[in-house]
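> Provided herewith is a single structure, encoded as structure tokens, for subsequent inquiry.
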Amino acid sequence: MTLQQIKKAIGKGNFPKSNTKLTFPDFALSPKNCITGRKLSKLPLSTCSICYGKKGNYTFPNVEKSCQKRKNLIDKELFNLETWLIFLLKTYHVEYFRFFANGDLQSFENLVSFAKVAYSCEKVNFWLSTKEVKFINKYLETFGTFPENLNIRLSNYFINSIKFNNSVFLKDKVTFSSVNLDKEKQGKKGFITCPAYRKSRRTSDFGTCGSCKACFSKKVLNINYIKH
Ligand code: SF4
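When we follow our numbering, the leftmost residue of the sequence shown carries the number 216, and every step to the right adds one.
As structure tokens, then:
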């Protein structure tokens, strides 16, 4: 397949361009396909009840269509997807890549496959956001650890919660994220607040990552996102 055909198959015609918030390329699915997120979104204080992926650009028909392409690849052509992602990342010399800017892991096999992408692209820094703790636990039970260049950031289920951060099993293996944490919980070592929406609205990079790459760092234990 040609480069253009691969980009088309993956629904990433503009690769390596990202969405508006991120300043690095990403892989996204529709939140309609979130396994845990779909259940959480019905609970009023869950972080999924205020999901940004259900509004704005993500609702455009062409974006939904591309998300569906990627969902089909995960379900039916996971090996091809893995091969194509590796090819794109190497071809474009990508330095930072986010799995699941929107949407979430679809299976344990999906996680294994994306970890293989990370092992194959050792020069790329990966960040994978997820609420699928069962796949994370199974991966760690099976393989012990994630690739050095893949930061799994486990997203706490509820606003103002850091429940997952207390897991002894996950300690030092993954990092965490929270939403709208109370001030006293934010004072912990390794906790930062996402700067994207703390900038002045008048700055051109308001609402974007700019030069920040904190979510990729295993040294940043918890990132607190502010509801926007
Ligand atoms: S902490 Fe930094 S890298 Fe993470 S979402 Fe916020 S701005 Fe982007």
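Using N, Cα and C, we set each Cβ at its ideal position, and we do this for glycine too.
All of these numbers come straight from a predicted model, not from anything done at the bench.
1) Going by CA-CA distance only, name the one from P231, K236, K223 and K378 that's closest to S165.
2) Using 7 Å as the threshold, is the C-beta distance between S322 and K346 below it?
3) Just reading off the alpha helix (DSSP H) that S457 is part of, what are its end residues?
4) Mind checking who T345 pairs with in its DSSP beta bridge?
5) Excluding sequence positions up to five away, which residues of its chain have a Cβ less than 8 Å from the Cβ of K280?
6) Inspect the beta-carbon positions of V339 and P231 and report whether they are closer than 7 Å.
7) State the DSSP-derived secondary structure class of T251, mapped to helix, strand or coil.
8) Write down every uninterrupted run of the beta strand (DSSP E) in the region 266-345 whose length is 3 residues or greater and which is fully enclosed by it, in chain order.
9) Can you find a heavy atom of ligand 3 that lies under 6 Å from the Cβ of I438?
10) Would you kindly report the start and end of the unbroken alpha helix (DSSP H) that includes I221?
11) Tell me, to the nearest whole angstrom, how far the beta carbon of N437 is from that of S392; I am working on the premise that it is less than 8 Å.
12) CA-CA distance, P362 and V327?
13) I'd like the span of the alpha helix (DSSP H) that includes I398, first residue to last.
14) Roughly how many angstroms separate the alpha carbons of A316 and F329, rounded to a whole number?
15) Can you tell me the Cα-Cα spacing of Q219 and K378, whole angstroms?
16) Who pairs with D241 in a beta bridge, going by DSSP?
17) Got a sec? Which residues, its chain only, sit under 7 Å from S376 by beta carbon, not counting five neighbours each side?
18) Using the Cα positions of N277 and Y372, report the straight-line distance between them to the nearest angstrom.
19) Suppose you measure from the CA of K257 to the CA of Y354; what does that come to, to the nearest Å?
20) Which value, in whole angstroms, describes the spacing of the CA atoms of E337 and P259?
21) Starting from I407, trace the beta strand (DSSP E) in both directions and tell me its first and last residue.
22) Given I441, which residues of its chain have a CB within under 6 Å of its CB, disregarding the five upstream and five downstream residues?
23) CA-CA distance, S261 and L304?
24) Let's see if you can read the secondary structure: which residues bound the beta strand (DSSP E) around I438?
The answer reads as follows:
1) For the chain, the structure presents residues 216 to 443; residue 165 sits outside this window and is missing.
2) No; because the gap between Cβ atoms is not below 7 Å, this pair is not in contact.
3) Nothing about residue 457 can be read from this structure; the chain reaches only from 216 to 443.
4) L369
5) G226
6) no
7) Three-state result, T251: helix.
8) 311-314 and 340-345
9) Ligand 3 is absent from the structure shown, which contains only ligand 1.
10) L218 to A224
11) 7 Å
12) If you take the alpha carbons of P362 and V327, they lie about 11 Å apart.
13) The question names Ile, but residue 398 is Lys in the sequence shown. Where K398 is concerned, the enclosing alpha helix (DSSP H) stretches over K398 to Q401.
14) 14 Å
15) 44 Å
16) D241 is bridged to R313.
17) S393
18) When the Cα atoms are used, N277 and Y372 turn out to be separated by approximately 29 Å.
19) 28 Å
20) 40 Å
21) F406 to T408
22) Y412
23) Taking the straight line from one Cα to the other gives about 34 Å.
24) N437 to Y440
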